[in-house]
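Here's the structure we're looking at; comments come further down.
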Amino acid sequence: MEKMYNVGKIVNTHGLIGEIRVIATTDFPEERFQVGNTVYLFEKNSKKPEKLIIRSHRKHKNFDLLMFEGFTGIHQVERMKEGVLKIKEAQLTDLEENEFYFHEIIGCTVVTTEGEELGEITEILTPGANDVWVVKGADKKEKLIPYIADVVKEINTNDKKITIEVMEGLLD
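Using numbering that gives the first Met the number 0, the first residue of the sequence shown is number 0, and each one after it goes up by one.
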């Protein structure tokens with residue numbers, strides 16, 4: 000089976016006309032959820048993905064609201080709650096220099112410029128101005144690392160290693 004990547008998690012339905020509420024797990028929700036695009040639904044208890052074509056997309060608060068072709072009511076989409084939306088690897092687009100997909104960053108080991116290993120990136124938060132990487136160390140504690148030029152000095156996705164400069168107060 001072709002490799003697939005998460006682009007969103009369905010958290011609820013929205014209204015009565017078949018809209019679903021999605022928390023995007025992609026930096027490109029406008030591109031991924033464009034009308035006419037194909038996504039694949041992975042439901043909790045199903046091994047086989049369901050191919051869905053996006054009929055409409057709009058933003059509402061912190062969510063992306065989607066409707067799919069062939070689905071016209073809440074009763075048809077309720078089963079999708081807690082499902083994960085994915086795209087095929089072939090649907091990924093080329094990025095600019097110094098841009099990365101989440102799946103390239105998650106799993107990378109973070110080390111300081113002094114060589115101290117801080118842990119592995121387990122999650123990427125997108126609160127606003129810049130992404131924040133969640134790094135879980137051997138002590139199971141999480142550290143939050145902002146993805147800014149002053150902190151992130153080198154990203155090597157081939158070796159799954161990221162070097163950061165620890166600014167004062169960053170790890171406190």
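Here a beta-carbon is modelled for each residue, glycine too, at the ideal position from N, C-alpha and C.
Beta carbon of residue i, beta carbon of residue j: below 9 Å?
{"i": "Ile52", "j": "Glu68", "result": "yes"}
{"i": "Thr112", "j": "Thr162", "result": "yes"}
{"i": "Ile9", "j": "Ile19", "result": "yes"}
{"i": "Val134", "j": "Leu117", "result": "yes"}
{"i": "Phe99", "j": "Asp63", "result": "no"}
{"i": "Ile120", "j": "Val110", "result": "no"}
{"i": "Asn219", "j": "Ile154", "result": "Any property of residue 219 remains undetermined from this structure, which presents the chain solely from 0 to 171."}
Between which two residues does the beta strand (DSSP E) harbouring residue i extend?
{"i": "Pro48", "result": "Here Pro48 belongs to no beta strand (DSSP E), and DSSP marks it neither H nor E."}
{"i": "Val83", "result": "Val83 to Lys87"}
{"i": "Val38", "result": "Thr37 to Phe41"}
{"i": "Ile147", "result": "Here Ile147 belongs to no beta strand (DSSP E), and DSSP marks it neither H nor E."}
Look at the alpha carbon of residue i and the alpha carbon of residue j, and state the distance between them as a whole number of angstroms.
{"i": "His102", "j": "Gly7", "result": "13 Å"}
{"i": "Ala89", "j": "Arg54", "result": "21 Å"}
{"i": "Val34", "j": "Phe70", "result": "14 Å"}
{"i": "Glu122", "j": "Leu170", "result": "17 Å"}
{"i": "Gly72", "j": "Lys140", "result": "43 Å"}
{"i": "Leu143", "j": "Leu124", "result": "9 Å"}
{"i": "Gly190", "j": "Lys46", "result": "Outside the shown range of the chain, which is 0 to 171, sits residue 190, and nothing can be said about it."}
What do you get for residue i, buried or exposed, if any count of 16 or more other CB atoms within 10 angstroms of its CB means buried?
{"i": "His59", "result": "exposed"}
{"i": "Pro126", "result": "exposed"}
{"i": "Met166", "result": "exposed"}
{"i": "His13", "result": "buried"}
{"i": "Ile22", "result": "exposed"}
{"i": "Thr92", "result": "exposed"}
{"i": "Leu65", "result": "buried"}
Between the options, which lies nearest to residue i when the distance is taken from Cα to Cα?
{"i": "Gly82", "options": "Lys43, Ala148 and Leu169", "result": "Lys43"}
{"i": "Glu1", "options": "Val165, Glu115 and Tyr39", "result": "Tyr39"}
{"i": "Pro28", "options": "Met3, Leu84 and Ile104", "result": "Leu84"}
{"i": "Met37", "options": "Met3, Asp26, Lys140 and Asn11", "result": "The amino acid at residue 37 is misidentified as Met; the sequence shows Thr. Nearest of Met3, Asp26, Lys140 and Asn11 to Thr37, Cα basis: Met3."}
{"i": "Val151", "options": "Val131, Glu141, Asp158 and Gly136", "result": "Val131"}
{"i": "Glu49", "options": "Asp149, Val76 and Glu141", "result": "Val76"}
{"i": "Asp26", "options": "Leu94, Arg57 and Phe41", "result": "Leu94"}
{"i": "Lys160", "options": "Pro145, Ile147, Gly114 and Gly168", "result": "Gly114"}
{"i": "Pro145", "options": "Ile104, Asn5, Met66 and Asn61", "result": "Ile104"}
In the DSSP assignment, find the unbroken alpha helix (DSSP H) run with residue i in it and report its ends.
{"i": "Glu30", "result": "Pro28 to Arg31"}
{"i": "Phe101", "result": "Phe101 to Ile104"}
{"i": "Ile16", "result": "Per DSSP, Ile16 belongs to no alpha helix (DSSP H) and is neither H nor E."}
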